[in-house]
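Protein chains: 4
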Amino acid sequence: MADLQAVHAMMAADRASQSLGIELVDCADERASTRMTVRPDMVNGHGMAHGGMIFSLADTAFACACNAAGPVTVASSGDIVFVSPARVGEVLLAEAVQRVGFGRQGVYDVTVRCGDRVVAEFRGRSHRMATPGRGE
Amino acid sequence: MADLQAVHAMMAADRASQSLGIELVDCADERASTRMTVRPDMVNGHGMAHGGMIFSLADTAFACACNAAGPVTVASSGDIVFVSPARVGEVLLAEAVQRVGFGRQGVYDVTVRCGDRVVAEFRGRSHRMATPGRGE
Amino acid sequence: MADLQAVHAMMAADRASQSLGIELVDCADERASTRMTVRPDMVNGHGMAHGGMIFSLADTAFACACNAAGPVTVASSGDIVFVSPARVGEVLLAEAVQRVGFGRQGVYDVTVRCGDRVVAEFRGRSHRMATPGRGE
Amino acid sequence: MADLQAVHAMMAADRASQSLGIELVDCADERASTRMTVRPDMVNGHGMAHGGMIFSLADTAFACACNAAGPVTVASSGDIVFVSPARVGEVLLAEAVQRVGFGRQGVYDVTVRCGDRVVAEFRGRSHRMATPGRGE
């Protein structure tokens, strides 16, 4: 069952997400969604949302999804395909869902959308930290 | 030959990189390096530099490297492996270099380090926009 | 609508898939599934199915899915996470489905399973070749 | 120091590589190179070397590089960018080198070439199996 208290505590301590205005919209077992509005201070030199900002939004949804089950879990890697550019003022929604879990690892898919338009497809791999006494 | 004026103009317009304090350290043909200090407002809920901040630093080095040759080039995708966590106050250096170019595409590798310690390994794919009259 | 004749003609010419005993199980718009039995000549030095054999199965499902719509489409890249080892005699099924299409590109996810067990998760990017007169 | 006996024993048991005619050309600490000639039974439905065959060649070089140090090490994931097509009769050389090692993990880059032409760029992640008494 999702440990929403742990996720909310994690988000309360996540100053990077706060500074980007990322909000947790929803969270349940192995899934989560986050939202961010593209601000003028988030664009790159081509006038589009910086890839790092879109990655940050997706990565935060991923972190909430993979920590919803309790034990501390970190991202070991992530890859992102940029599908369409996002512009200032657009509201982006990232939806993360676990694709598969195995041992202490997991693969999560995150789709970032602006309305119906896909902005990016992210896939992340997670690693659950060892917990004393769990015998893993 | 590197078109450093184009890169500097791009960085001057890159408000996301500016808000993260990312500086262009060096730029030449198909390579570039950027630097960022991890600030207290860049940590995630586990007290480490947020993956999105590290990705942003690497992505900016990548953008400078692939735009050094002139025509507007954008990232089509990127993947990152997180090797070691980075903490508040640490200075991170990202070094981007083109691995291969083919047609309008390129593959770039970016290593993010804190001193001698590797923090992350990033690989990005670029796509150069069509230019009228180039016949591509 | 899926152009199954084109897919069957492609598979008939795909000598690599034939030599691995890969069969097309099903194909429809932007989705396809393929099957392969792990033979004794497909194991690596650790006695498990070679990663390249599992990649080949997934890549063939991906190729069928992205060519089902007609114009010639090729893989531009692929990544695979190995979830569990596969052994000699096991029958593997790869199911490919398009995640998103944009311009001449597409992102496809392929899950390789042995029964209910996930063996690998593959994600590929496709590129549709230019067709004279299509104005792309 | 490279444990070449272990690598040669691994290759002697690698029936998949043998059936593809993959030879170990060179092996040293954390690096290795392999060679394969594209045979008529290795092409896909478009008449080019099947992506899975190119992946297999790169994956074998990767396996030799990451097992050269001794303890059994397996691939946990791999990604490949297809740079140029390869045709029947062409001789492909894959050169693998470790990019970074951390804990029981490693990142390796493999470039596949035909002469001077780059055919593919592969990046793999390895995982060294736990050894009794090593305390990891």
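Residue numbers (my numbering), protein chains in the order written: chain A, 687 to 822; chain B, 687 to 822; chain C, 687 to 822; chain D, 687 to 822.
Glycine residues also receive a C-beta, built at the ideal position from the N, C-alpha and C atoms.
* Curious, which full-length beta strand (DSSP E) runs of at least 3 residues does the stretch 765-797 of chain C contain? -> Fully enclosed beta strand (DSSP E) runs of 3 or longer: 777-788.
* To do: List the residues of chain D whose Cβ lies closer than 9 Å to the Cβ of F788 (chain C), in chain order.
  => Here residue 788 (chain C) corresponds to residue number 102 of the third sequence, with the count starting at 1. In chain order: nothing, as chain D lies at least about 18 Å away.
* **Beta-carbon spacing of S763 (chain D), S763 (chain A) below 9 Å** => In the fourth sequence, residue 763 (chain D) corresponds to position 77, counting from 1. In the first sequence, residue 763 (chain A) corresponds to position 77, counting from 1. Taking 9 Å as the Cβ cut-off, S763 (chain D) and S763 (chain A) qualify as a contacting pair.
* **Reduced DSSP secondary structure (H/G/I, E/B, other) of H694 (chain C)** => Mapped onto the third sequence, residue 694 (chain C) falls at position 8. Here H694 (chain C) sits in helix by DSSP.
* Which residues in the same chain as C800 (chain C) place their Cβ atom closer than 7 Å to its Cβ, once the five residues preceding and following it in sequence are excluded? -> Numbered from 1 along the third sequence, position 114 holds the residue referred to as residue 800 (chain C). Taking C-beta separations shorter than 7 Å and ignoring five residues to either side along the sequence, the partners of C800 (chain C) in its chain run A772, E776, V777 and L778, following chain order.
* To do: Could you spell out the range, first to last residue, of the beta strand (DSSP E) harbouring L710 (chain C)?
  => The count along the third sequence starts at 1 and reaches residue 710 (chain C) at position 24. Element bounds for L710 (chain C): E709 to A714.
* To do: In angstroms with no decimal places, state the Cα-to-Cα distance between D700 (chain A) and H732 (chain B).
  => Within the first sequence, residue 700 (chain A) is the residue found at index 14, counting from 1. Within the second sequence, residue 732 (chain B) is the residue found at index 46, counting from 1. Going from the Cα of D700 (chain A) to the Cα of H732 (chain B) covers about 8 Å.
* R790 (chain D) versus D:C752, D:A698 and D:V796, residue with shortest Cα-Cα distance -> Translated into positions along the fourth sequence, residue 790 (chain D) becomes position 104. Measuring from the Cα of R790 (chain D), the nearest candidate turns out to be D:C752.
* Asked: Which same chain residues, not among the five before or five after V758 (chain C), have their C-beta less than 6 Å away from its C-beta?
  -> Reading the third sequence from its first residue, position 72 is the one you call residue 758 (chain C). Result list for V758 (chain C): M815, in chain order.
* G810 (chain A) lies in the beta strand (DSSP E); which residues open and close that run? -> Mapped onto the first sequence, residue 810 (chain A) falls at position 124. Looking at the DSSP string, the run of the beta strand (DSSP E) that includes G810 (chain A) is R803 to R814.
* DSSP three-state call for M722 (chain D): helix, strand or coil? -> Locating residue 722 (chain D) in the fourth sequence gives position 36, counting from the first residue. Strand.
* **Residues near R721 (chain C) by beta carbon distance below 6 Å, same chain, minus five either side** => The residue given as residue 721 (chain C) occupies position 35 in the third sequence. Counting only residues of its own chain and dropping the five nearest sequence neighbours on each side, R721 (chain C) has a CB closer than 6 Å to the CB of E709, V711 and L779.
* In terms of residue numbering, what span does the alpha helix (DSSP H) encompassing L743 (chain D) cover? -> What you label residue 743 (chain D) is simply residue 57 of the fourth sequence in a count that begins at 1. That run of the alpha helix (DSSP H) goes G737 to N753.
* Asked: Taking Cβ positions only, does Q704 (chain A) come closer than 9 Å to chain B?
  -> The residue given as residue 704 (chain A) occupies position 18 in the first sequence. With 9 Å as the cut-off, Q704 (chain A) counts as an interface residue toward chain B.
* Using DSSP with H/G/I as helix, E/B as strand and the rest coil, what is A761 (chain A)? -> One-based indexing of the first sequence puts residue 761 (chain A) at position 75. Here A761 (chain A) carries a strand assignment [DSSP, helix/strand/coil].
* Min CB distance S812 (chain B) to chain C below 9 Å -> Counted from its first residue, the second sequence places residue 812 (chain B) at position 126. No, S812 (chain B) does not count as interfacial toward chain C.
* **8 Å contact criterion, which A702 (chain C) and A754 (chain C) should meet: CB distance rounded** => Along the third sequence, one-based indexing puts residue 702 (chain C) at 16. Along the third sequence, one-based indexing puts residue 754 (chain C) at 68. Taking a contact as a CB-CB distance under 8 Å, the pair A702 (chain C) and A754 (chain C) does not count as one, their CB atoms being some 19 Å apart.
* Measure the alpha-carbon distance for S770 (chain B) versus M734 (chain B) and round it to whole angstroms. => Against the second sequence, residue 770 (chain B) aligns to sequence position 84. Against the second sequence, residue 734 (chain B) aligns to sequence position 48. The C-alpha of M734 (chain B) is placed about 10 Å away from the C-alpha of S770 (chain B).
* CB contact check: T720 (chain A) to chain B, cutoff 9 Å -> Translated into the one-based positions of the first sequence, residue 720 (chain A) becomes position 34. For T720 (chain A), the answer is no, since every Cβ of chain B falls outside 9 Å of its Cβ.
* Asked: Should Q784 (chain B) go down as buried or exposed, given a rule of 16 or more other Cβ atoms within 10 Å for buried?
  -> Within the second sequence, numbered from 1, the residue matching residue 784 (chain B) stands at position 98. Per the 10 Å Cβ criterion, buried.
* To do: Would you mind working out which of B:A747, B:F741 and B:F748 sits nearest F768 (chain B), comparing C-alpha positions?
  => Here residue 768 (chain B) refers to the residue found at position 82 when the second sequence is read from its first residue. Per the Cα distances, B:F741.
* To do: Tell me, to the nearest whole angstrom, how far the beta carbon of V805 (chain C) is from that of V796 (chain C); I am working on the premise that it is less than 8 Å.
  => Here residue 805 (chain C) corresponds to residue number 119 of the third sequence, with the count starting at 1. Here residue 796 (chain C) corresponds to residue number 110 of the third sequence, with the count starting at 1. In this structure V805 (chain C) is not in contact with V796 (chain C), their Cβ atoms being roughly 11 Å apart against a cut-off of 8 Å.
* Asked: Residues of chain D with a CB under 9 Å from the CB of V729 (chain C): which are they?
  -> One-based indexing of the third sequence puts residue 729 (chain C) at position 43. Residues of chain D passing the Cβ test: A699, D700, R701 and A702.
* If you draw a straight line from the alpha carbon of H736 (chain D) to that of A749 (chain C), how long is it in whole angstroms? -> As a working note, residue 736 (chain D) is residue 50 in the fourth sequence. As a working note, residue 749 (chain C) is residue 63 in the third sequence. So the alpha carbons of these two residues sit roughly 10 Å apart.
* Asked: If you draw a straight line from the alpha carbon of L823 (chain B) to that of M728 (chain A), how long is it in whole angstroms?
  -> There is no way to answer for residue 823 (chain B), as the model of chain B reaches only from 687 to 822.
* Asked: CB R809 (chain A) to CB R809 (chain C), shorter than 9 Å?
  -> The count along the first sequence starts at 1 and reaches residue 809 (chain A) at position 123. The count along the third sequence starts at 1 and reaches residue 809 (chain C) at position 123. With respect to the 9 Å criterion, R809 (chain A) and R809 (chain C) are classified as neighbours on the basis of their beta carbons.
* For E781 (chain D) and S719 (chain D), believed in contact at Cβ under 8 Å, the rounded distance -> Sequence index remark: in the fourth sequence, residue 719 (chain D) carries index 33 (1-based). Sequence index remark: in the fourth sequence, residue 781 (chain D) carries index 95 (1-based). At roughly 5 Å, the Cβ-Cβ gap stays under 8 Å, so S719 (chain D) and E781 (chain D) are in contact.
* Asked: Got a sec: is the Cβ-Cβ distance from E807 (chain C) to anything in chain A below 9 Å?
  -> Indexing the third sequence from 1 puts residue 807 (chain C) at position 121. E807 (chain C) counts as touching chain A.
* To do: Measure the Cβ-Cβ separation of R738 (chain C) and T746 (chain D) and say whether it is below 9 Å.
  => For the purposes of this step, residue 738 (chain C) is taken as residue 52 along the third sequence, with counting starting at 1. For the purposes of this step, residue 746 (chain D) is taken as residue 60 along the fourth sequence, with counting starting at 1. Here residue 738 (chain C) is Gly; the residue named in the question, Arg, does not match the sequence. Result yes, Cβ atoms of G738 (chain C) and T746 (chain D) sit closer than 9 Å.
* Asked: Would you report the Cα separation of G821 (chain A) and M697 (chain D), rounded to the nearest angstrom?
  -> For the purposes of this step, residue 821 (chain A) is taken as the residue at position 135 of the first sequence. For the purposes of this step, residue 697 (chain D) is taken as the residue at position 11 of the fourth sequence. With a pLDDT of 41 at G821 (chain A), under the threshold of 50, the modelled position of that residue is not reliable, and no figure is offered here.
* chain B within 9 Å of S762 (chain A), Cβ atoms only -> Here the question's residue 762 (chain A) lines up with position 76 in the first sequence. Yes, because at least one Cβ of chain B sits closer than 9 Å to the Cβ of S762 (chain A).
* Can you pull the chain B residues whose beta carbon is under 7 Å from the beta carbon of V711 (chain A), in chain order? => To locate residue 711 (chain A), count along the first sequence from 1; it is residue 25. For V711 (chain A), there are no C-beta contacts with chain B under 7 Å, since the nearest C-beta of that chain is about 16 Å from it.
* If you measure beta-carbon to beta-carbon, which residues of the stretch 734-747 of chain A are closer than 9 Å to chain B? -> Hits within the stretch, in order: M734, A735, H736, G737, G738, M739, I740, F741, S742, L743, A744, D745 and T746.
* Give the residues from the stretch 764-780 of chain C that approach chain D closer than 9 Å (Cβ to any Cβ), ordered along the chain. => Flagged, chain order: G764, D765, I766, V767, F768 and P771.
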